[in-house]
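Take a look at the structure below.
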Amino acid sequence: LWTSLTDYFKTQLNPVSYETWISSAEPKQFINNDLIIELPSQLHKTYWIQHLAPKVVAFLYETTGEEINPVLQIKGEITASAQTKMSLANTAQSNNDNVPTFMRDAKLNDRYTFSTFVTGKGNQMAHAAALVVSEEPGRLYNPLFFYGGVGLGKTHLMHAIGHQMLLNNPDAKVKYVTSEAFTNGFINSLRNNTPEDFRKEYRSVDLLLVDDIQFFADKESTQEEFFHTFNSLYDDKKQIVLSSDRLPNEIPKLQKRLISRFKWGLSVDITPPDLETRIAILRNKSDAENLEIPDDTLSYIAGQIDSNIRELEGALVRVQAYATLSNSEITTSLAADALKNLSLKDKSNEVSIAIVQDRVAKYFHVTVSDLKGKKRVKAIVMPRQIAMYLSRELTENSLPKIGSEFGGKDHTTVIHAHEKIAVMLETDDKLQRQISDLKSELN
Ligand code: ADP
Ligand code: MG
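Structure, rendered in C-alpha cells:
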C-alpha cells in the first residue's frame, strides 16, 4: 500500500518536493484503518496536514474503497495517539516539472539548487522551510530567516528558493542581494539622485533574498530604507528571505523594529553537518565531477573537516589537485598527505570548543562529560557556564554550534550562561581571576 502511495506521489510532485516530503516519511503501522506515518519534524507535519494528508485520504479511498486515516507523528516524539483527522479534499494539483530556469536579473548561481543540496540533521528544517517558501511564497513563513555559521549552506538555500520559484513561475520577479549590495545600491541611488528608482526596483519583486544581514549593523540610513522595503513587500504579501550568521537580536546595532519584524515569520538555524551528511556531500560532489574516490577515503576527508562545508569542498579540491599533480590515484594515504598541512594549520591557530571544555574541566576538577551533561549541582553548573562563556568569547562558533557541543543544549542556554558569567564578572573577584587564568592558558 505504501509503495503504491509513494508511486502516486511521484507522479504528483516534482522530484525535489518528493524527496523532501515523501522520502523522509516512514509508514509505521496500520491498525483499524489508521495509517501511522512518522515524519522528521513539526514543519513536515504541518506541510502534510495542509497539503498531503487530504490527497492520501483520497488516494487510499480510491484504491481500497475504504476510508483510511493518516495519523501523523513526529519522529522521536511520543504522541498520545494525536490524531489528525482528515476529510476528503480536492486532489487536483500538479507541479510543472521540467521548465527551464529563467535567470532574469536574479543573479542566481546555477550550482545552488535544491537538487544539489544534501540534507541531514543540521539543515533538514531549513531545507524544508526553504521548499515551502518557494512553493507558496508570501503565505506561510514571511519572512523566512536562516541563521548559522559560515559555510553551512545559507546562501545555497537562498539561491535554491529563487531557482525553484522561477521554475514554478517563470514570470516571477526574483531578486537576490547581499546586504552590502543593498547598502551600496542605496548609497549610489542617493548620490545619483535616483532613490525612487532604487525603491521601485526593490518594491516590485515577488521574492527578495537578502543575504548576510549582520552587515546591516551600524548602517542607520540603510536600515531605515530596508525597513520601508520590508514593509512594502510584506504588505503586498511578497516573500522575504533573510540570512545571518546569528539571530536577529544578537546582531549589534540592529534597530528594534527590524528585529521585531524579522520575528514575524520563521527563524531556522543551520547547524554543522554530522559525519554521515558530510560523506554524502562529498560523494555528491565527487560524482558530479566524475572523480573515482573510494568510500574510506571520502570518510577520511569528511572526518578531517567538521564544521564548514565550503572547507570540506576545498579539501576535496585539494586532494584532487594533489592526485593530478603527483599523477596518482586518489587513496586515503594520498588524501592524508594532501590534507596534512591543512589540518595542522587549523589546529594550531584556533581554540576549539573541545579545548575550552578540556581546560575548564581540568581547572575545576570535573569531567568533560559533566560539562556536557545535565547535572544541576553547583560544582558542575558553574564550570559548565564558564566553559560556555569562554567558548563564546574565544572561538568563532555560533551559539547553536556551542549548544550542540555541550551535549545538544539549546542556544538560549548558551546565551543565558554567557550573560550570567558576564554579569558576575563585574563584581566577583574570584571569578575574574579564574577567567583570566583560563584565558591565558587557552591563548
Ligand atoms: P553560507 O552561506 O552558510 O556561508 P554557502 O551556502 O555559501 O554557506 O555554502 C558553502 C558551500 O558549501 C557552497 O559551495 C555550497 O554549495 C556548499 N553546501 C553547503 N551546504 C550544502 C549541502 N547541504 N549540500 C551540498 N552542498 C552544500
Ligand atoms: Mg553565505
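In UniProt numbering, the protein residues as written are 7 to 449. All residues carry an ideal CB built from backbone N, CA and C; glycine is no exception.
Count the other CB atoms, across all protein chains shown, that sit within 10 Å of the CB of H371; report buried if there are 16 or more and exposed otherwise.
-> The sequence position of residue 371 within the sequence shown is 365, counting from 1. So H371 ends up on the exposed side.
Quick one: Cα of L444 to Cα of L322, how far?
-> For the purposes of this step, residue 444 is taken as residue 438 along the sequence shown, with counting starting at 1. For the purposes of this step, residue 322 is taken as residue 316 along the sequence shown, with counting starting at 1. Cα to Cα, the separation comes out at about 36 Å.
Is P301 near the ligand MG, in the sense that its beta carbon is under 8 Å from a heavy atom of that ligand?
-> Within the sequence shown, residue 301 is the residue found at index 295, counting from 1. Reading off the sequence, residue 301 comes out as Asp, not Pro. No - the ligand MG has no heavy atom lying nearer than 8 Å to the Cβ of D301.
Those runs of the alpha helix (DSSP H) which lie wholly inside the segment 247 to 328 and span at least 4 residues = Runs found: 262 to 268, 281 to 294, 301 to 310.
Heavy atom of the ligand MG within 8 Å of D275 beta-carbon = Taking the sequence shown and counting its residues from 1, the one referred to as residue 275 is at position 269. D275 Cβ: outside cutoff for every heavy atom of the ligand MG.
So what does DSSP say about D364, is it helix, strand or coil?
-> Within the sequence shown, residue 364 is the residue found at index 358, counting from 1. The three-state reading of DSSP puts D364 in helix, counting H, G and I together.
Any heavy atom of the ligand MG closer than 8 Å to the Cβ of S249?
-> Within the sequence shown, residue 249 is the residue found at index 243, counting from 1. At least one heavy atom of the ligand MG is nearer than 8 Å to the Cβ of S249, so yes.
Which two residues bound the contiguous alpha helix (DSSP H) that contains G154?
-> As a first step, residue 154 is located in the sequence shown; it is residue number 148 there, counting from the start. Per DSSP, G154 belongs to no alpha helix (DSSP H); it is in the beta strand (DSSP E), 150 to 154.
What is the DSSP secondary structure of V383, counted as helix, strand or coil?
-> Along the sequence shown, read from residue 1 onward, the residue named residue 383 stands at position 377. Under the three-state reduction of DSSP, V383 is assigned to coil, being neither helix nor strand.
C-alpha gap between A327 and N194, whole angstroms | In the sequence shown, counting from the first residue as 1, residue 327 sits at position 321. In the sequence shown, counting from the first residue as 1, residue 194 sits at position 188. Rounded to the nearest angstrom, the two C-alpha atoms are 42 Å apart.
Given K181, which residues of its chain have a CB within under 6 Å of its CB, disregarding the five upstream and five downstream residues?
-> Taking the sequence shown and counting its residues from 1, the one referred to as residue 181 is at position 175. Answer for K181: V211, L214, listed in chain order.
So V183 is in the beta strand (DSSP E); what residue range does that whole segment cover?
-> As a first step, residue 183 is located in the sequence shown; it is residue number 177 there, counting from the start. Its beta strand (DSSP E) spans residues 180 to 184.
Where Q310 falls, given that 16 or more other Cβ within 10 Å makes a residue buried = Position 304 of the sequence shown, counted from the start, is the residue given in the question as residue 310. Sixteen is the threshold: when 16 or more other Cβ atoms of the shown chains lie within 10 Å of the Cβ of Q310, as they do, the residue is buried.
Heavy atom of the ligand MG within 8 Å of D177 beta-carbon | Numbered from 1 along the sequence shown, position 171 holds the residue referred to as residue 177. The answer is no for D177.
Go ahead and pull the three-state DSSP assignment for P176.
-> By 1-based counting over the sequence shown, the position of residue 176 is 170. Looking at P176 - three-state DSSP - the assignment turns out to be coil, as it is neither helix nor strand.
Which residue from D435, T125, P300 puts its Cα closest to that of A286?
-> The sequence position of residue 286 within the sequence shown is 280, counting from 1. Considering only alpha carbons, the answer is T125.
Is N290 near the ligand ADP, with its Cβ less than 8 Å from a heavy atom?
-> Counting from one through the sequence shown, the residue named residue 290 turns up at place 284. Flag set: Cβ of N290 near the ligand ADP.
Have a look at E44, P201, T184 and flag the residue whose alpha-carbon is nearest the alpha-carbon of L78.
-> Your numbering for residue 78 matches position 72 in the sequence shown. That would be E44, whose Cα lies nearest to the Cα of L78.
By Cβ distance, which residues of its chain are closer than 7 Å to E25, with the 5 residues on each side in sequence left out?
-> By one-based count along the sequence shown, residue 25 stands at place 19. Excluding residues within five positions, none has a Cβ falling inside 7 Å.
Rounded to a whole number of angstroms, what is the C-alpha to C-alpha distance between I80 and A423?
-> Position 74 of the sequence shown holds residue 80. Position 417 of the sequence shown holds residue 423. Between I80 and A423, the C-alpha separation is close to 30 Å.
Contact set for G168: own chain, Cβ-Cβ below 7 Å, skip 5 residues either direction | Position 162 of the sequence shown, counting from 1, holds the residue named residue 168. So the qualifying residues of the chain are A112, L114, V180, Y182, L213, L215.
Do the segment 138 to 154 and the segment 291 to 301 make contact, defined as three or more Cβ pairs closer than 8 Å?
-> no
Sorry if obvious, but does the Cβ on K113 come closer than 8 Å to a heavy atom of the ligand MG?
-> As a working mapping, residue 113 is identified with position 107 in the sequence shown. Result no, Cβ not under 8 Å from the ligand MG.
If you scan the segment 370 to 445 from start to end, which runs of the alpha helix (DSSP H) of 4 or more residues do you find wholly inside it?
-> 374 to 378, 384 to 400, 405 to 411, 417 to 431
Return yes when the C-beta of L150 is under 8 Å from any heavy atom of the ligand ADP, and no when it is not.
-> On the sequence shown, residue 150 is found 144 positions in, with the first residue counted as 1. No - the ligand ADP has no heavy atom lying nearer than 8 Å to the Cβ of L150.
Does any heavy atom of the ligand ADP sit closer than 8 Å to the C-beta of I315?
-> Here the question's residue 315 lines up with position 309 in the sequence shown. Yes; taking the cut-off as 8 Å, the Cβ of I315 has a heavy atom of the ligand ADP nearer than that.
Hey, would you say A166 sits closer than 9 Å to F152, going by beta carbons?
-> As a working note, residue 166 is residue 160 in the sequence shown. As a working note, residue 152 is residue 146 in the sequence shown. It is not a contact, given that the beta carbons lie outside the stated cut-off.
Alpha carbon to alpha carbon, how far is P278 from R316? Give it in angstroms, no decimals.
-> Position 310 of the sequence shown holds residue 316. Position 272 of the sequence shown holds residue 278. Computed Cα separation, rounded: 11 Å.
Counting pairs of Cβ atoms below 8 Å between the segment 189 to 206 and the segment 154 to 163, do you hit three or more?
-> no
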